[in-house]
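The numbering used here applies: residue 179 is where the sequence shown begins, and numbers increase by one. Note that the Cβ used here is the ideal one computed from N, Cα and C, for glycine as well. Only a predicted model underlies this, so the values are computations on that prediction, with no experimental measurement involved. Below is one structure, written out as structure tokens; comments come after it.
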Amino acid sequence: MLLSLISQVDEALAVVFHALGLPPHLAHAEPSARPALGDVQCHAALAAARVLGRPPRAIADDIAAALRGDARFAAVEVAGPGFVNIRFADTFLGTAAAATLADPRLGVADEGQGALVVLDFGGPNVAKPLHVGHLRSLVLGESLRRILGALGWRTHGDAHLGDWGLQMGMLSAAIRLRDPAMPYFTGAGPYPTNAPVTLDELERLYPEAAAACRDDPARMAGARADTAALQAGDPGLLALWHALRQLSVDAQVRDFALLGVHFDALDGESDVRDAIAPLVDDLRARGIARASEGALVVDVALPGDTSEVPPLLLVKADGAALYATTDLVTLQARARMPGLAKVVYVVDQRQALHFEQVFRAARRAGIADGVDLVHAGFGTVNGKDGKPFKTRQGGVARLRDLLDEAVERAAERVEASARVAVGERPALARSIGMAAVKFADLSGDRVSGYVFDAERLVAFEGKTGPYLQYAVVRLRSLLARAAGMAVGPPHATLPAERELVLACLGFGAKVSEAGHLLQPGVLAAWAHDIAQRFSTFYDRCEVLRETDETCRSRRLGICTLTLAVLERAVALLGIDVPARM
């Protein structure tokens, strides 16, 4: 494995600390916040002084003196009360850059080593259009799938469809009211394979049926009766369910494709329906589930809890299973997948208590023992008023409406450009619009919400997706114009060169950090920093017009390294890059 620069400094510090009798756990360096003083800095002398009772400056002097004999370091100096600043030798930096460029993994460690991680994200309900609330789960989940895959994990993305609940009974009851003579309801068969409604009708029908059931007890009773009959295996209702499910899922898959989201499975709650009763019976028989006011619950509170964690509701008093039930049964099924080591649920942060209850219940029941269960929660997409994004009428916005708005704003910018052929503009607008949406979603802390402002997000300047796209397009164009010129090793000597190369060599560490924290924002921020550093480098350092061939070739090497890591980072964020902008 290609060791990062920080790792190599840490190894050197470990040897020095052992020789000097310093606490080994303090042997660590980090990138310098002041590049003028050094490339990396070690603060350990201050902490060691508190342990050893010696002046920190004296300890720092000892560390610096021991490191100065290392050929990898051009300068090792002590500053302030005991900061050790280290500057890499140009030859060492060039060798590390060349090794990274030659490495197919670009310095990204194989941390997963083929272990399986299941990513549960998306979570759409059948018969309902995807709404803005699904955006974050889809975009974050897809990026995490790519990042963990790059780190050597074997990934399995599952949408976990909500397809086996009361909403299906509401729909069938509503369709029955419209035409009770349909074969689905007469039991006569054969049953049509195509849905008896269009997609638009289906998307209108569900909210109408749900509202009617809320207002009319008789309608709700009919919906519950149809739900019970469906779950009992009524052939006509099963045929209708299949047709409605397929119509809805086909539409959702088209939205997934627009966002560039990939799933290995589109499994739903229905896929584990036959395992619910056996699991409930088992938990009851082992005393893990207990009766409470007619319902079945699992106690999950622990002695060290600082706030109340209520029991998990497994089965309602009327015998109905809940999301927690299907989540447990689904986890039980996933635990049988060979090599499973981790399950990551990319779901709204407001579901944190739900997942804590599910994870604790699973541990009590011995479900997925040894598997790391993680809830990667996220905040909301907000409008300019700082409140959750709504339609102009105040309703929940459909995902496609938000995406269409981003594409429309991007199209306005593309139309103003004379550099793009008219026939290429629609595809370019889609690419820019999707990049704008994705980068906005990924660039901050995932637990925080963010403001969706399409006009600002499609800008080619600032911290935006199109800015990253433009940086990659610019690098590709530069290297295409350099065809026939010699491309040398990416050796850096000038400050703008060094700062760019040093940042590029942090790619592997940033991918690792993003994977460990399940925070694509770490990688998004790094990619934006690389794009900015490249812009500074390009402004200060001649490349194609450089007359010194040796200098030009190494600068072309720096551009090649920059393009390699930036392209890979942008791909891990799920952002596509157009041929031109």
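What did DSSP end up calling residue i once you bin it into helix, strand or coil?
i: P566; result: strand
i: K520; result: strand
i: S185; result: helix
i: D477; result: coil
i: P385; result: helix
i: A214; result: coil
i: H706; result: helix
i: R324; result: helix
i: F195; result: helix
i: L739; result: helix
i: M179; result: Bear in mind that the predicted position of M179 carries a pLDDT of just 38, short of 50, making it unreliable; the figure below should be weighed with that in mind. In this structure, M179 counts as coil in the three-state DSSP scheme.
i: Q697; result: coil
i: F434; result: helix
i: L308; result: coil
i: Q291; result: coil
i: L297; result: strand
i: P756; result: coil
Go to residue i, then tell me how far its alpha helix (DSSP H) extends in each direction, as first and last residue.
i: Q345; result: L344 to R356
i: T504; result: Y501 to R512
i: G406; result: The residue asked about is misnamed: residue 406 is Ala in this sequence, not Gly. Where A406 is concerned, the enclosing alpha helix (DSSP H) stretches over P395 to Q409.
i: L657; result: G643 to R659
i: F537; result: A530 to A543
i: D239; result: P234 to L245
i: D452; result: R451 to A463
i: G611; result: R603 to L620
i: V585; result: L577 to E593
Use the C-beta contact count for residue i: other C-beta atoms within 10 angstroms, 16 or more gives buried, fewer gives exposed.
i: P307; result: buried
i: A563; result: The question names Ala, but residue 563 is Asp in the sequence shown. So D563 ends up on the exposed side.
i: S315; result: buried
i: E208; result: exposed
i: M179; result: Reliability of the predicted coordinates at M179 is poor, the pLDDT of 38 falling under 50, and the value obtained from them is presented with this limitation in mind. Classification for M179: exposed.
i: K688; result: buried
i: A243; result: exposed
i: K616; result: buried
i: M515; result: exposed
i: D336; result: buried
i: V193; result: exposed
i: G347; result: buried
i: D505; result: buried
Assuming residue i and residue j make a contact with CB atoms under 8 Å, what is their CB distance in whole Å?
i: A479; j: L491; result: Between L491 and A479 the Cβ distance is about 14 Å, and since that is not below 8 Å, they are no contact.
i: L318; j: A352; result: About 34 Å separates the two Cβ atoms, so there is no contact after all.
i: A674; j: R718; result: 4 Å
i: N372; j: A421; result: 6 Å
i: Q697; j: R624; result: 6 Å
i: A702; j: A649; result: Not quite, the Cβ-Cβ distance comes to about 13 Å (not below 8 Å), so this is no contact.
i: V476; j: A463; result: In fact, because the Cβ distance is near 13 Å, the residues do not count as touching under 8 Å.
Can you name the start and end residues of the beta strand (DSSP E) that residue i belongs to?
i: V552; result: D550 to H553
i: A467; result: A467 to S470
i: T269; result: Where T269 is concerned, there is no enclosing beta strand (DSSP E), although the alpha helix (DSSP H) it sits in stretches over D268 to A280.
i: F441; result: It is not in any beta strand (DSSP E) - F441 carries neither H nor E in the DSSP assignment.
i: R676; result: That residue, R676, is in no beta strand (DSSP E); its alpha helix (DSSP H) goes P673 to C682.
For chain D, is any of its Cβ atoms less than 8 Å away from the one on residue i?
i: R603; result: As a matter of chain content, chain D is missing from the structure shown, which is built from one protein chain.
Is any heavy atom in the ligand SAH found nearer than 7 Å to the beta carbon of residue i?
i: W419; result: Only the bare structure without any ligand can be found here, which leaves the ligand SAH out of the picture.
Exercise. For the stretch 332-352 against the stretch 538-554, are there 3 or more C-beta pairs whose distance is under 8 Å?
Worked result: Fewer than three Cβ pairs drawn from the stretch 332-352 and the stretch 538-554 lie within less than 8 Å of each other, which leaves the two stretches out of contact.
Just checking, does the stretch 230-238 make contact with the stretch 181-197 on the three C-beta pairs under 8 Å criterion? Counting Cβ pairs under 8 Å, fewer than three are found: no touch.
Are three or more beta carbon pairs between the stretch 641-653 and the stretch 718-732 nearer than 8 Å? In short, these stretches do not touch, since the Cβ pair count stays below three.
* **Inter-stretch contact at 8 Å, needing at least 3 Cβ pairs: the stretch 646-661 / the stretch 587-605** => Not touching, per the Cβ criterion.
- Query: So does the stretch 263-272 actually touch the stretch 203-222, counting three or more Cβ pairs closer than 8 Å?
  - Reply: With the cut-off at 8 Å, the stretch 263-272 and the stretch 203-222 touch.
Below 8 Å, how does it come out for the stretch 326-333 and the stretch 284-295: are there three or more Cβ pairs, yes or no?
The stretch 326-333 makes contact with the stretch 284-295: 3 or more CB pairs, one atom from each, lie closer than 8 Å.
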